[in-house]
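**Student:** Submitted below is the structure of interest, expressed as structure tokens.
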Amino acid sequence: MKSSGLFPFVLLALGTLAPWAVEGAENALKGGACPPRTIVQCLRYEKPRCTSDWQCPDKKKCCPDACGLRCLDPVAITNPVKVKPGKCPVVYGQCMMLDPPNHCKTDSQCLGNLKCCKSMCGKVCLAPVRA
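Numbering (our numbering), first residue to last: 67 to 197.
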């Protein structure tokens, strides 16, 4: 019967640790990948509608869109280590944004023969150049 005296203490300790455990989830990512985006010219960037996957409902992910960040349905990562043939074009110039969003992370997120390449402002799907 003495163990019942510890029960409120254990509940109090778990209640204290719960917010700490949830705060760490902010940096975690949900499954899947952001859908590939085509290059478009933005007249102005919109205010981000999310900053992490956990601000998005259900299975949606916080992804870069044409002109900002918003919650989108993820796509399956078919082969995240596949590198497509060809080389990325050389980048000239520098982005004026402090931390430009990437529109892809790997070649497998790009359609057809497009590769995920560094551009002037973040990574985007581009046609490869011949070596």
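Note that the Cβ used here is the ideal one computed from N, Cα and C, for glycine as well.
Is the CB-CB distance between Pro101 and Cys154 below 8 Å?
**Tutor:** no
**Student:** Select from Val157, Val190, Ser185 and Met186 the residue whose C-alpha is nearest the C-alpha of Thr281.
**Tutor:** With the chain represented from 67 up to 197, any question about residue 281 goes unanswered, as that position is not in the structure.
**Student:** DSSP state of Val190, grouped into three classes?
**Tutor:** Reduced to three states, the DSSP call for Val190 is strand.
**Student:** Using the C-alpha atoms, what's the distance from Cys122 back to Cys137?
**Tutor:** 6 Å
**Student:** Using the rule of at least 16 other Cβ atoms within 10 Å of the residue's Cβ for burial, across every protein chain shown, is Val88 buried or exposed?
**Tutor:** Summary for Val88: the model assigns pLDDT 35, below 50, so the residue's position carries little reliability; its value from the coordinates is reported in the next sentence. Exposed, because fewer than 16 other Cβ atoms sit within 10 Å of the Cβ of Val88.
**Student:** Can you list, in chain order, the residues of its chain with a C-beta nearer than 7 Å to that of Val149? Leave out the 5 residues immediately preceding and following it.
**Tutor:** Asp173
**Student:** Per DSSP, Pro123 forms a beta bridge with which residues?
**Tutor:** In the DSSP output, where bridge partners are listed per residue, Pro123 has none listed.
**Student:** Can you check which of these residues, Asp139, Glu112, Val106 and Arg115, is closest to Gly97 by C-alpha distance?
**Tutor:** Asp139
**Student:** Please state whether DSSP places Ser174 in a helix, a strand or coil.
**Tutor:** helix
**Student:** Checking the sheet assignment: what are the DSSP bridge partners for Leu138?
**Tutor:** Lys127
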